[in-house]
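Please read the structure below before turning to the comments.
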Amino acid sequence: METIYELGAEGRHGVTVPRPEDAERALSHVPEALRRRRRAKLPEVSQPELVRHYTSLSRLNHGVDTGFYPLGSCTMKHNPRFNEDAARLPGLTALHPALPDEETQGALSILWELAEHLKGVAGMPGITLQPAAGAHGELTGMLLMKRHFESIGEMERRTKVLLPDSAHGTNPASAAMVGLEVVSLPSNAHGTVDLEALAAALGEDVAGIMLTVPNTLGLFEPDILEITHRVHDVGGLCYFDGANLNAFVGRARPGDMGADIFHFNLHKTFSTPHGGGGPGAGPLAVSSVLEPYLPVPQIVKRNDSFALETDRPDSIGRVHPYHGNFLVSVRALAYILSLGDAGLREVSSGAVLAANYLRTKLESAYKLPYPGLCKHEFVLSGEGLGEVRTLDIAKRLMDYGIHPPTVYFPLIVKEALMIEPTETEPKEILDAFVEAMLRIADEARQQPELLKAAPHRTPVRRVDEAKAAREPILRRPPN
Amino acid sequence: MNPQELKYTKDHEWVRREGENVRVGITDHAQKELGDIVFVELPAKGTVLRQGQTAATVESVKAVGEVSAPVAGEVIEVNPSLEGAPGTINSSPFEEGWLFVLRMEDPSQLDGLMDASAYQAMTEGGA
C-alpha cells in the first residue's frame, strides 16, 4: 500500500487556504535563524484522494466496530454511541482547561460526580482522575505508597513489593519504576496466591502487595481477605489492579476486600474507546490513610459550587496536566448514568456468563490448565494439538474474521490463549467464535500446514515477528 | 542433545569450565522454550556477581527470560556478536551463542550443579 506521500502530484491540494494579508509583516517578526530554509514536505493530494486513502486504510483495520475482539485482560467492549453524544456537546468541547473555576462549574460538576460514582464502586474514600491509563494509575499508586512510608519514616527499610506470578505485566514495572524491589510469589496448584509462599515472603521490609483482581487466569482469589489482612499485619499496603473490574463491578467492592489503592481503566470497564480509539483514563481510588498524598488539584464541592483545590502540602503533585483526559471522564459518566446501579451489576454478570459459556464449549477441544468456574476471562493452552503452536491458532482466527485473543500471557500457562468475550456480544457471535475455535482444533490435527501459514484472508499475511523485533525500521526512509 | 562435558543449572544455564573461568550460556531446551530470540542484555565487564544473581536478560518474541550467574565471579568477557545477531543463541546455543565468561570466586560451587544426564532427566520430567 502506498503512503500518502506517494500519492498525488506536485502542486495538488485538497483545500485552498487563503494567504493572510499581513503574512510578510508577520514573518518579519520571526528571527532569521528560526525560518525554514526548505519548503515543508507535505502531502500534495486532492480531497477525494485524501478521503479514499484514509477510508481504505480504515477498512484494513479490525476493531470492536467491525468484529469480535476477545482480547483477554483488555475488555474490548462496545463503546455506546450515547457516550460520544455526551463527549461532543459544544459546551464541553469548546472549553479551555485554563478557564477559572467560576466559568467551568459544569465541567467540574461532571468530574466531581464521576469521582463520587467511582468511589462508590471502589468502596474507598479518596480518588484522583488524573492518570492517563492503567499503568499510569499503577505508577501513581506506587508513588503514593512510597510517599506514605516516607512520611512515617519507614521507606528505608520497606524495599520490597510482592507480586503473584500471575500479575499483570505492568505491575512489576510500576513497582520497579519507583525504586522498589519486586519479589515474585509463586501461584498454587489452583492458580491463586499460595498463602504459605505469602507468609514466607512477608516481613517488615515489605512495602506492599500488588494483586490483579481477579487474576490474569480469570480467577478470583478465594483468600483475598486473609491476604490483605496478613499484608496489613506487617504494616504493608495492598494495591489492587482494577483492569479486571468488569468481572465484579457493582457486585463487590475492593475497599471491602482490604484494598488501599485501586485503579480503574475507564477504557475497559466503563466503555470508553480503547486501543487506537483515543486516549484512556486510569483513575485511582485510595483508602483514607493515603488521601493526603493524592495528586493536586482535587475537585471539591463547597455548598453548591465546585472548586479545584491545590493547597495540599503532602500531595505527590500533579501526574497529568489539567484534569486528566477530560472527555474520557465525560464518556465514563455517561455510561454509568445511562446504566444505573442495576445496569452496572448486569455488566459483570453478563461478562462472567459469556466467559463461562465459551469456556464450557471449548474445554473439551483445548487444554484448560486451571479448570472450574472462571470470572470474566479464562486461559486455554494451545499445547497438545500436534505440531501447531498457539501463535498459529491465533493467526488462523483472523481468517475467520475474529481478532485473536491475548497469547503467551499469563506466563504461568504454556502456549497461553487468554479469552475475554465481554458482556456486549450476542450469543450468535459467541457461537460463531466457538465454531471457529473447534474447526481450528480439527485443522490443527488434519492440516497443520494451513495453520502455520495463516492468515490467508487478511490484507497482510503472516509477518516475521522475530525479524520485526531484531531489525525494526522505526522511520520511513526519506524520499 | 546436551553436551556431556558441561554442567547445568535448574534454570537452564550451561557452564563450561575453562581453567579458573567458566563460560556460560542457555541450553537448547531453554532456547526452544523461549522461541526466536530478538534481544540480549549482557552484564558489563568487571561486574561482580553472586551465585544466582541476575546476570543477563534474554528476550524473545513471546517472553523475557533472566539468566543468573551459575557460580559467583567477575564478568571478564561477554559475547560481542549477540548484540547484532541475538538469533545465534537459537542456532548455536552451546557454541557460538555463549553469553559471558566469569572468573570464578569459588570453583567448588561447580560441584553443586547438574551433569548432563541429571539435567536431561529434569527437562524430561517437564520442568
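Read top to bottom, the protein sequences are chains U and S. Under my numbering, read the first sequence as residues 52 to 530, first letter to last. Under my numbering, read the second sequence as residues 2 to 128, first letter to last. Quick reminder that beta carbons are idealized off the backbone N, C-alpha and C, glycines included.
{"Asked": "Residue-level contact to chain U via CB, S/K11, 9 Å cutoff", "Found": "no"}
{"Asked": "Secondary structure of U/N354, DSSP reduced to three states", "Found": "coil"}
{"Asked": "Short Cβ contact (9 Å threshold) for S/T58 with S/V39", "Found": "no"}
{"Asked": "Cross-chain neighbours of S/T63 in chain U, by beta carbon under 7 Å", "Found": "Here residue 63 of chain S turns out to be Lys, not Thr, going by the sequence shown. Per Cβ cutoff of 7 Å: Y459."}
{"Asked": "U/I387 to U/A251 span [Cα, whole Å]", "Found": "42 Å"}
{"Asked": "C-beta neighbour in chain S for U/E516, strict 9 Å", "Found": "yes"}
{"Asked": "Cβ-based neighbour list, S/L7, same chain, cut-off 8 Å, excluding 5 preceding and 5 following", "Found": "W15, V16, R17, F95 and A117"}
{"Asked": "Where the alpha helix (DSSP H) containing S/M115 begins and where it ends", "Found": "Premise fails: S/M115 is in no alpha helix (DSSP H) and is neither H nor E."}
{"Asked": "Collapsed DSSP secondary structure at S/G26 in the structure displayed", "Found": "strand"}
{"Asked": "Cut-off 7 Å between Cβ atoms - residues of its own chain near S/Y120, not counting five sequence neighbours on either side", "Found": "N3 and Y9"}
{"Asked": "U/L190 vs U/V233 beta-carbon contact at 9 Å", "Found": "no"}
{"Asked": "Identity of the residues DSSP links to U/G259 by a beta bridge", "Found": "U/V212 and U/L288"}
{"Asked": "Cβ-Cβ distance between U/S584 and U/Y408 below 9 Å", "Found": "Nothing can be reported for residue 584 of chain U: it is not among the residues displayed for chain U, which extend from 52 to 530."}
{"Asked": "Distance, U/I463 Cα to U/L14 Cα", "Found": "Here chain U has residues from 52 to 530 only, and residue 14 of chain U is not among them."}
{"Asked": "Partners in chain S for U/L462, counting only beta-carbon separations shorter than 8 Å", "Found": "A64"}
{"Asked": "Beta strand (DSSP E) segment containing S/M105, residue limits", "Found": "F101 to M105"}
{"Asked": "Proximity test, Cβ basis, 9 Å: S/P87 and chain U", "Found": "yes"}
{"Asked": "Among U/I367, U/G326 and U/P151, the one whose alpha carbon lies nearest that of U/M196", "Found": "U/I367"}
{"Asked": "Beta carbon proximity, U/L442 to chain S, threshold 9 Å", "Found": "yes"}
{"Asked": "Alpha-carbon to alpha-carbon, U/A492 and U/P499", "Found": "10 Å"}
{"Asked": "Whole-angstrom distance between S/T89 and U/T320, CA atom to CA atom", "Found": "43 Å"}
{"Asked": "Euclidean distance between Cα positions of U/A483 and S/E97", "Found": "48 Å"}
{"Asked": "Neighbourhood of S/A128 by C-beta distance below 6 Å, restricted to the same chain and skipping five residues each side", "Found": "Any answer about S/A128 is weak, because its pLDDT of 44 lies below 50 and its placement is not dependable; what the coordinates show is given next. If we look at S/A128 and ignore the five residues flanking it on each side, it has no Cβ neighbours."}
{"Asked": "Where U/M469 falls: helix, strand or coil (DSSP)", "Found": "strand"}
{"Asked": "DSSP beta-bridge partners of S/I77", "Found": "Answer is none; S/I77 lacks a bridge partner."}
{"Asked": "The segment 21 to 40 of chain S: positions lying closer than 9 Å to chain U by Cβ", "Found": "E34, G36, D37, I38, V39 and F40"}
{"Asked": "Completely contained alpha helix (DSSP H) runs for the segment 425 to 450 of chain U, where each covers 4 or more residues", "Found": "441 to 450"}
{"Asked": "Beta carbon proximity, U/R87 to chain S, threshold 9 Å", "Found": "no"}
{"Asked": "Three-way DSSP call (helix, strand, coil) for U/H104 in this model", "Found": "helix"}
{"Asked": "S/Q110, DSSP secondary structure in three states", "Found": "helix"}
{"Asked": "Closer than 9 Å to chain S by CB, U/A520", "Found": "yes"}
{"Asked": "Where the alpha helix (DSSP H) through U/R70 begins and ends", "Found": "Unbroken run through U/R70: none, as it is neither H nor E."}
{"Asked": "Residue span of the beta strand (DSSP E) that contains U/A166, given as start and end", "Found": "First-last for U/A166: Q156 to A173, but that is the alpha helix (DSSP H), not the beta strand (DSSP E)."}
{"Asked": "Assigned secondary structure, U/P483 (DSSP; H/G/I helix, E/B strand, else coil)", "Found": "Checking the sequence shown, residue 483 of chain U turns out to be Ala, not Pro. DSSP places U/A483 in helix when its eight states are reduced to three."}
{"Asked": "Runs of beta strand (DSSP E) wholly within the segment 15 to 65 of chain S (minimum 3 residues, chain order)", "Found": "22 to 27, 38 to 42 and 55 to 61"}
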